[in-house]
Amino acid sequence: MGIAAMLGAPIKRREDPRLITGQATYVDDMKLLGMLHMTVLRSTYGHAQISSINTDAASQLPGVVAVITAQDLKNKVGNIPVAAPLPPHITRGMGRRLPLADGKVRFYGDPVAIVVAENRYVARDALDLIEIDYEPLPVVSDVEKAMQPDAPLLYPEFGTNVAVSMHPSSEAIDNIFAETIANGGVIIKERIVNQRLAPSAMETRGVIAEFRKSDSTLNLWSSSQIPHLLRNYLAEQLGLLQHQVRVIVPEVGGGFGSKLNIYPEEALAAFAAMQTGRPVKWIEDRDENLAATIHGRDQVNYVEAAATKEGRVTALKFHVISDLGSYLQFFTDVIAIAFTLPMLSGSYAVPHVYSRCDIVFTNKAPTDAYRGAGRPEATYMVERALDLIARAVKRDPAEVRLLNFVQPEQFPHTMATGALYDSGNYAAALEKALDLIEYDKLRAEQHQKRARGKLVGIGISSYVEICGIGPKGVAPFGLYESARVRIEQTGTVIVYTGTSPHGQGEETTFAQLISNEFGIPIEDVLILHGDTNSTPEGRGTYGSRTTAVGGTAVYQGSLRLKEKMKTIAAAMLEANPSDVSLEDGKFSVAGTPQKSVSFAQVAAAANTSNTLPMDIEPGLETTVFFEPEACTFPFGTHICAVEVDPDTGEVEITRYIAVDDCGKQINPLLVAGQIHGGIVQGIGQALYEEVVYNEEGQLLTTTFMDYAMPIAPYLPALELEHTVTPTLVNPLGVKGVGEAGTIGSTPAVVAAVADALGVAHIDMPLKAEKLWRIIHHQ
């Protein structure tokens with residue numbers, strides 16, 4: 009493949025050979041000299057007072073080096089960091105915690121003590137010897153019950169479980185609803201649940217901490233999406249300066265947002281290493297992962313929509329109730345506010361959108377960002393509302409969507425929620441999806457099959473999401489991204505990026521950007537990441553921002569060096585820099601292409617100061633920080649066809665079409681991979697997955713025997729296509745795609761199943777027993 013075709017080329021990921029042949033290094037592969045092992049004792053109660061802890065027997069077990077409780081952390085280790093804390097007058101200051109429970113546990117899995125021992129087996133055995141006297145407290149695991157005045161309180165000193173309550177006046181929107189009814193329109197109302205999910209990355213969390221007393225420095229290896237933020241906040245938590253903490257992120261086996269957090273275990277391992285003077289390792293078990301790593305989603309939403317008798321939506325009204333769980337994590341308190349509420353217009357030119365929001369504590373594990381983080385919840389509400397309106401006015405769901413879309417010529421467009429959408433052509437994506445699935449033919453076949461008693465359905469989801477998270481003001485620490493680009497004397501280009509990949513393929517896409525700009529083989533480009541001592545300050549990988557923000561920093565760095573190289577090449581060619589161009593790795597003068605110098609020759613000259621013009625500094629290196637002025641808004645349409653077995657309630661997805669628009673694509677193969685993975689997770693939420701607690705706060709889904717996820721035999725062949733609507737927010741024209749499949753898929757699957765059963769709405773997950781009972785009216 010020629011270098012000129014590098015942008016937009018479906019190149020296989022350069023990372024894959026080491027990953028699939030076992031040559032990659034993950035946290036659990038690492039062993040340091042004298043390394044100790046840490047285990048965590050977790051609460052088996054959903055809510056209880058800790059009357060006493062006796063660690064004597066555990067401490068005396070041979071091989072145990074230390075047993076640590078909250079009392080040992082007092083005045084030495086700070087609270088778990090919250091990245092974007094809302095003002096105290098909004099959150100009331102609730103939900104902060106030490107890394108170990110201090111006097112009270114608030115969820116099943118709450119860490120109470122740690123054991124540090126010579127090996128993991130001794131450390132596990134020692135946990136059983138710790139004696140804890142609990143006094144059980146009343147539990148509230150239902151978010152709506154937690155809002156009641158007589159609910160058990162997680163933080164009695166505040167007198168409520170409601171951390172945030174945003175209830176603007178609804179008088180204006182209520183008048184719109186009344187006018188719609190008076191004019192012969194329709195009103196729909198529905199309670200819609202977005203159930204709690206477990207991110208369940210293939211690799212669980214892991215930490216190794218090494219403290220060097222000689223220079224008071226901490227080295228921390230972590231499976232993390234945010235190395236620099238982890239360093240910054242952990243240093244503050246431990247009372248260290250940032251330069252004293254080095255965070256190294258080796259390979260990461262998936263994150264889906266769950267590793268976009270700073271958990272108790274990072275600080276606990278670091279504290280244990282500082283106390284013992286030896287490296288300390290902690291690797292999370294899967295049962296810990298399901299119980300104590302953050303969960304996602306968990307919203308109860310009340311949705312109302314008003315529309316004309318033709319199906320044109322006049323107003324949307326939402327009550328969003330978000331379940332925080334028991335404590336605040338990194339972004340817990342802002343997901344609903346920053347990512348659900350602004351997206352409640354969906355893709356539609358609805359003139360009036362009203363939302364009220366309650367964010368509530370319950371006796372469950374904390375929730376935080378899980379692939380999509382607030383946008384799947386918004387899309388699900390809006391798309392379900394559009395389907396219910398179509399049902400009410402007896403029109404096809406596709407027709408109702410086409411009637412309500414924001415039109416291409418209206419962009420950039422400020423939605424009724426206040427969100428400023430950059431660009432879009434929503435009708436084009438829907439129409440392409442309809443053509444690909446042969447929609448009219450599919451509907452005709454559906455009628456024929458229904459006449460034979462088949463339960464077949466078709467669902468449509470037209471989504472839009474907010475991506476490219478990076479503008480000023482979104483977070484207190486800034487969400488810029490960075491790149492340091494260096495060209496060595498041999499012509500090899502090394503890029504140090506502040507992003508931190510965990511499956512996105514950044515080593516490939518960033519290398520494609522460099523290869524394309526310099527006209528050099530992709531093999532001559534090296535992408536380095538995940539070490540805070542060598543990479544420039546960055547904000548990590550999440551929110552479908554890596555290429556839009558981090559890739560732009562890489563691109564701008566290459567432009568800077570390209571201009572400097574043109575000046576050096578001009579001196580070598582005895583020409584004016586404005587007449588010099590770079591193509592296919594050669595600098596030449598306009599009109600005389602036969603007179604040229606290679607990229608490597610210019611790189612060598614730049615690093616040999618004796619040959620440089622007097623006004624040119626030696627070396628080829630630059631650091632760029634890119635902070636976009638706005639976010640990006642990718643979009644698309646997914647269509648799902650299903651058949652439900654009336655005897656078992658099992659759902660078979662018979663066709664699945666996805667037409668996504670993520671702007672320009674650097675690597676279509678990697679785009680397809682991201683969409684595939686997202687769709688599968690969306691199908692998982694729609695049909696299988698749910699974290700379940702009982703009324704006592706006991707976690708019932710403690711293993712993958714209880715927490716079902718989709719596997720390959722249950723999945724259809726996914727048919728992917730695209731439209732391309734570039735953004736002007738960044739010079740690459742890219743929008744982001746990492747979460748698109750998750751956002752578009754869930755509403756399409758649910759709509760298809762509801763259509764098959766002839767009902768208005770069914771709450772997820774659509775498990776076989778639930779559907780069987782609906783079919784048989786039980």
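Just so you know, we're using this note's numbering here: the sequence shown kicks off at 9 and counts up by one.
Think of the CB as a built atom: it goes at the ideal place given N, C-alpha and C, for glycine as much as any other residue.
All of these numbers come straight from a predicted model, not from anything done at the bench.
*Identity of the residue in Q497, E496, V557 and F485 nearest T505 by Cα*: In this structure, V557 is the residue among Q497, E496, V557 and F485 with its C-alpha nearest to the C-alpha of T505.
*Of the choices T375, Q337, P724 and A66, whose alpha-carbon is the least far from that of Y664?*
It is P724.
*Decide if D341 is buried, meaning its Cβ has at least 16 other Cβ atoms within 10 Å, or exposed.*
With 16 or more other Cβ atoms within 10 Å, it is buried.
*So is M9 buried or exposed if we call it buried at 16+ other beta carbons inside 10 Å?*
Reliability of the predicted coordinates at M9 is poor, the pLDDT of 38 falling under 50, and the value obtained from them is presented with this limitation in mind. Looking at its Cβ environment, which holds fewer than 16 other Cβ atoms inside 10 Å, M9 is exposed.
*asked:* Tell me the rounded alpha-carbon separation between R409 and R399.
replied: Roughly 12 Å between the two C-alpha positions.
*Close beta carbons around R392, own chain, < 8 Å, minus the five adjacent residues each side*: Excluding positions up to five away in sequence, the list reads E198, I200, V311, P755, V758, A759 and H769.
*Cα separation between G42 and I466?*
Looking at the two C-alpha atoms, the distance is approximately 60 Å.
*Would you mind giving the Cβ-Cβ distance between G117 and S51, rounded to the nearest angstrom? I have them listed as a contact below 8 Å.*
Right, their Cβ atoms sit about 7 Å apart.
*DSSP state of P144, grouped into three classes?*
Looking at P144 - three-state DSSP - the assignment turns out to be strand.
*With a CB to CB cut of under 8 Å and the five nearest residues on each side skipped, what residues in its chain are close to K440?*
Cβ neighbours of K440 beyond the five flanking positions: T645, V667, E729 and T731.
_Strictly by DSSP, which residues pair up with D838?_
Since the displayed the chain opens at 9 and closes at 786, residue 838 lies outside it and no answer follows.
*Is it a yes or a no for the segment 216-236 touching the segment 491-500, going by three-plus beta-carbon pairs under 8 Å?*
No, because fewer than three Cβ pairs between the segment 216-236 and the segment 491-500 fall closer than 8 Å, the two stretches do not touch.
*Kindly indicate which three-state DSSP category S431 falls into: helix, strand or coil?*
In the three-state DSSP reduction, S431 falls in the coil class, being neither helix nor strand.
*Exposure of G686, with buried meaning 16 or more beta-carbon neighbours within 10 Å*: Flag for G686 reads buried.
_Is the beta carbon of T422 closer than 9 Å to that of P350?_
No.
*Quick one: grab the DSSP three-state call for S67.*
Note: S67 maps to helix in three-state DSSP.
*Would you call the CB atoms of I256 and P272 closer than 9 Å?*
Result no, Cβ atoms of I256 and P272 do not sit closer than 9 Å.
*CB V124 to CB T77, shorter than 9 Å?*
Taking 9 Å as the Cβ cut-off, V124 and T77 do not qualify as a contacting pair.
*Classify T616 as buried or exposed, calling it buried when 16 or more other Cβ atoms lie within 10 Å of its own Cβ.*
It counts as exposed.
*Start and end residues, beta strand (DSSP E) containing L49*: Element bounds for L49: L44 to R50.
*Under the DSSP definition of a beta bridge, which residues are partnered with C475?*
Under DSSP, C475 forms a beta bridge with T640.
*Within the segment 149-207, note down every full alpha helix (DSSP H) run reaching 4 residues or more, in order along the chain.*
Here the runs fully enclosed are 151-154 and 179-190.
*Per DSSP, which residues does R494 bridge with? Please list them.*
R494 pairs with I502 and E629.
*For the candidate residues Y378, A323, N371 and R320, whose alpha-carbon lies nearest to that of T348?*
Minimum Cα-Cα distance from T348 among the listed residues Y378, A323, N371 and R320 corresponds to Y378.
_Starting from A32, trace the beta strand (DSSP E) in both directions and tell me its first and last residue._
First-last for A32: undefined, no H or E at that position.
*Who are the near neighbours of Q245 in its chain, counting only those whose CB is closer than 7 Å to its CB and skipping five residues on each side?*
Excluding five sequence positions before and after Q245, the CB atoms of its chain that fall closer than 7 Å to its own CB belong to V85, G86, P89 and A275, given in chain order.
*asked:* Using CA atoms only, rank isn't needed, just tell me which of Q454, G30 and M389 is closest to G766.
replied: From the listed residues Q454, G30 and M389, the smallest Cα separation to G766 is found for Q454.
*Could you check how far apart the C-beta atoms of T549 and Q520 are, in whole angstroms? I think they sit under 8 Å.*
So it is not a contact: roughly 17 Å between Cβ atoms.
*asked:* Whole angstroms are fine: how far does the CA of T29 sit from the CA of M389?
replied: A direct Cα-to-Cα measurement between M389 and T29 gives close to 43 Å.
*What's the gap between the Cα of E658 and the Cα of T710?*
Going from the Cα of E658 to the Cα of T710 covers about 24 Å.
_As a quick exercise: from S363, I535, L49 and L332, pick the residue whose alpha carbon is nearest that of E152._
Residue L332 is the option with its Cα nearest to E152.
*asked:* For a quick check, are the C-beta atoms of T575 and P585 less than 9 Å apart?
replied: For T575 and P585, yes; Cβs fall inside 9 Å.
*Can you tell me whether DSSP reads N62 as helix, strand or coil?*
In the three-state reduction of the DSSP assignment, N62 falls in the strand class, which pools E and B.
*Using a Cβ-Cβ cut-off of 8 Å (strictly less than) and excluding sequence neighbours within five positions of M38, which residues of its own chain qualify?*
Taking C-beta separations shorter than 8 Å and ignoring five residues to either side along the sequence, the partners of M38 in its chain run I216, W229, P258 and K289, following chain order.
_Quick check: the Cα distance between Q233 and K743, rounded to an integer number of angstroms?_
Going by the C-alpha atoms only, they are around 20 Å apart.
_Euclidean distance between Cα positions of V832 and D141_ = This structure leaves residue 832 out entirely; the chain is present only between 9 and 786.
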